[in-house]
Amino acid sequence: MRIITSFLLALFFTATASAQVDAIDKFFNQYQENKDFTVVYVSPKMFQMVSKATNEVEDKELKALIAGIKGLKILTTKVESAKYYAEAIKKLPVNEYETLITVRDKGQNVKFLTKGTGDIVNELLLLVGGGEDFVLMSFVGNLDLNNIAKLAKKINIDGAEHLEKIGKQ
Amino acid sequence: MKNTIYLLAFIATFIFSSCNRNPINKIFDTAKKEDNVVAVTLPGWMIKKWVSMAMKNDTVVNDVNTLNTIAGAIKKVRVLVKSHSSEAFTADMNKQVDNLSSKNFDTYAFIKSDENKVTVYGKEDKDKLKDLFFYVNGDENMAILHLKTDISIADFQKLNLSFNKDKQKNN
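Those protein sequence lines, which keep their order, are chains A and B.
The opening position of the first sequence corresponds to residue 2 in my numbering, with each subsequent residue numbered one higher.
The opening position of the second sequence corresponds to residue 117 in my numbering, with each subsequent residue numbered one higher.
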């Protein structure tokens, strides 16, 4: 009986985790071909390579962070940002994440959602909308929040500047 | 009887080699048959020479010798640019490029902005990067870049890339 209960629980958790990833993937796939959107995907392989090539002394923390990233997806647009933000909030399982930061300034909403415990999180979701841009950024891996802001300063991608807000917390 | 066996062995070898044809070569061969195509192949020694000249004053890479080692591991670079692509050609190319995932190629990165898409594929074998393939697909234009390499992961580690710009400036 205990084995069956454990099995069912494992099955339930696997199905739940899979549904969350599916929801994000589905949202990305929905707009991937839309010409108004910019899409960036960086695979774990790429992060592994960059991590290996990164200087261990000068960028020790950054190297560790990059090594922990299992994937990065970014979806941005400058068109109807409020509409897409509302749609993302509705379609993504945001209630299953812990809200790390919420900012509302001049009509622009910024939400940082995480999964995990303490400073190390397994998933970081950034949602921006209502202002000029809509940004959906998804980091998966073993992420040290203290180092995410440092990474934000190094990557020159639209929307990455919002990540610096984590460092200010 | 002996001749029949030789003939069958020849046919089998031909079929086997056709099935295992390098998918990148197939992509280049397909594109080369089209009009409005410019294709260039550069040998490894030329790349090494250029990289060596270009990186003399580079500040990101700490060890120029390591970079030369990596450049030396590039066996060949092929570039192909096609303008005025038809929808049928684009669809065929997309299909062939998508198919790389089933031929032991990993998708390293994908970027789409406006009408332009850039996909980077890599193939590794025994801790060595053997192929690096870039597929740039625009509205009516397309470009493919293939680096045939033999770069070991250990060589990447020796690169010691530094993102510490402030420190570099001070130095």
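In this text, a Cβ means the ideal position worked out from N, Cα and C, and glycines have one as well.
Since the model is a prediction, treat every value here as computed from it, not as a measurement.
- Rounded to whole angstroms, the Cβ separation of Lys46 (chain A) and Asp222 (chain B) is 5 Å, and the two are in contact under 8 Å.
- Ala24 (chain A) and Lys92 (chain A) have their alpha carbons spaced roughly 7 Å apart.
- If the five residues before and after Ala83 (chain A) are omitted, its C-beta is found closer than 7 Å to the C-beta atoms of Gly130, Gly131, all from its own chain and listed in chain order.
- Using a CB distance cut-off of 9 Å, Gly238 (chain B) counts as an interface residue toward chain A.
- For Lys148 (chain B), the number of other beta carbons within 10 angstroms of its own is below 16, and it is reported as exposed.
- In the structure shown, Ser229 (chain B) adopts extended strand secondary structure according to DSSP, grouped into three states.
- Shown here for Thr55 (chain A): same chain residues with a beta carbon closer than 8 Å to its own, the five before and five after excluded, namely Leu63, Lys64, Ile67 in chain order.
- Relative to Ala207 (chain B), the option among B:Thr120, B:Asp255, B:Lys239 whose CA is nearest is B:Asp255.
- DSSP places Tyr85 (chain A) in the helix class (H, G or I) of the three-state scheme.
- Beyond the five residues adjoining it in sequence on each side, Val154 (chain B) comes within less than 6 Å, by CB distance, of Val197 in the same chain, given in chain order.
- In the three-state reduction of the DSSP assignment, Val167 (chain B) falls in the helix class.
- No Cβ of chain B is located within less than 9 Å of the beta carbon of Phe28 (chain A).
- Nearest C-alpha to Lys191 (chain B) among B:Leu158, B:Ser217, B:Ser199, B:Gln212: B:Leu158.
- With distances taken between CA atoms, Lys264 (chain B) lies nearest to B:Arg194 out of B:Arg194, B:Asp145, B:Asp151.
- The DSSP-derived three-state label of Asp151 (chain B) is coil.
- Residue contact with chain A for Lys228 (chain B): present (Cβ-Cβ distance below 9 Å to some residue of chain A).
- Restricting attention to beta strand (DSSP E) runs no shorter than 3 residues, the segment 27-82 of chain A encloses them at 38-43, 70-78, ordered along the chain.
- The bridge partners DSSP lists for Lys198 (chain B) are B:Val153, B:Met258.
- Annotation: the continuous beta strand (DSSP E) that includes Asn143 (chain A) extends over 135-145.
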